[in-house]
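What follows is a single structure, written as structure tokens, with notes after it.
Numbering (this note's numbering), first residue to last: 1022 to 1238.
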């Protein structure tokens, strides 16, 4: 069934044709939809042939009412679009061993206090490192809410800030962090969590884990 039929169905529904018959004309429909009168007339005729509308032509125009089949047709497209547009995004990655600096940086209370504000708890002193596809990371993170973790200065040195994305790893609250002064090679992301994730899930290098959004949780 043509896209023009769905567009016309939605237009007629907005005009009230779902509840009762409405009076219109092919000329008016053509102008409202930005198509020719011949196209509007043909689409109405084809929709009637497919059982989507009931119509009655008179000298003053056309009486149109949407059928139960039309409602079912629109609901089918609605559910398909809803599933496509609002499904929870996920990201898969393979566990790899990091360079061992995560525990040192995560031990600072200046970071921990900010993590606690987001996750409700302080995080384990270490990060879980995952190998991922860069294009999939960008697509996954695009709709997600993120937070800025502020850097700080001690008597010895200055520590940079982070960008923090709240996520779920295997259903457990966690966060993806991107240090402003990152040292990881491309395709590696760092995960922080109140749990020692590698031990909690008995993960070994190469294990695949799934990350999803915390939104709605």
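Note that the Cβ used here is the ideal one computed from N, Cα and C, for glycine as well.
Here the structure is a predicted model, which means the values were calculated and not measured.
The alpha helix (DSSP H) enclosing residue i, as first and last residue numbers
i            : result
residue 1065 : 1058-1070
residue 1134 : 1130-1140
residue 1163 : Premise fails: residue 1163 is in no alpha helix (DSSP H) and is neither H nor E.
residue 1218 : 1218-1221
Selected residue, minimal CA-CA separation from residue i, among the options
i            : options                   : result
residue 1046 : 1032, 1220, 1055 and 1081 : 1081
residue 1123 : 1150, 1112, 1229 and 1130 : 1150
residue 1118 : 1087, 1152, 1193 and 1127 : 1152
residue 1216 : 1195, 1155 and 1095       : 1195
residue 1035 : 1048, 1095, 1076 and 1129 : 1095
residue 1116 : 1154, 1049 and 1143       : 1154
residue 1158 : 1209, 1169 and 1172       : 1209
residue 1084 : 1219, 1050 and 1054       : 1050
residue 1129 : 1181, 1120 and 1090       : 1181
C-alpha gap between residue i and residue j, whole angstroms
i            : j            : result
residue 1060 : residue 1109 : 39 Å
residue 1072 : residue 1160 : 41 Å
residue 1098 : residue 1029 : 14 Å
residue 1033 : residue 1039 : 8 Å
residue 1221 : residue 1164 : 28 Å
residue 1183 : residue 1112 : 20 Å
residue 983  : residue 1102 : Any answer about residue 983 is impossible in this case: the structure gives the chain only from 1022 up to 1238.
residue 1125 : residue 1027 : 58 Å
residue 1201 : residue 1141 : 23 Å
residue 1238 : residue 1136 : Reliability fails at residue 1238, whose pLDDT of 47 lies under 50, so the model's placement of it is uncertain and no value is given.
residue 1066 : residue 1044 : 16 Å
residue 1062 : residue 1093 : 23 Å
residue 1134 : residue 1037 : 56 Å
residue 1228 : residue 1174 : 37 Å
Range covered by the beta strand (DSSP E) that runs through residue i
i            : result
residue 1047 : It is not in any beta strand (DSSP E) - residue 1047 instead sits in the alpha helix (DSSP H) that spans 1047-1054.
residue 1153 : First-last for residue 1153: undefined, no H or E at that position.
residue 1206 : That residue, residue 1206, is in no beta strand (DSSP E); it is neither H nor E in DSSP.
residue 1169 : 1168-1170
residue 1234 : 1229-1234
Contact under 8 Å by Cβ, residue i with residue j
i            : j            : result
residue 1177 : residue 1236 : no
residue 1139 : residue 1190 : no
residue 1042 : residue 1086 : yes
residue 1186 : residue 1162 : yes
residue 1214 : residue 1193 : yes
residue 1114 : residue 1188 : no
residue 1211 : residue 1198 : yes
residue 1088 : residue 1074 : yes
Residue i Cβ short of 7 Å to the ligand GDP heavy atom set
i            : result
residue 1168 : As far as ligands go, the structure on display features none, and thus does not contain the ligand GDP.
Legend entry - Every unbroken alpha helix (DSSP H) within the stretch 1070-1114, with a cutoff of 4 residues, ordered by chain: Correct list: 1089-1107.
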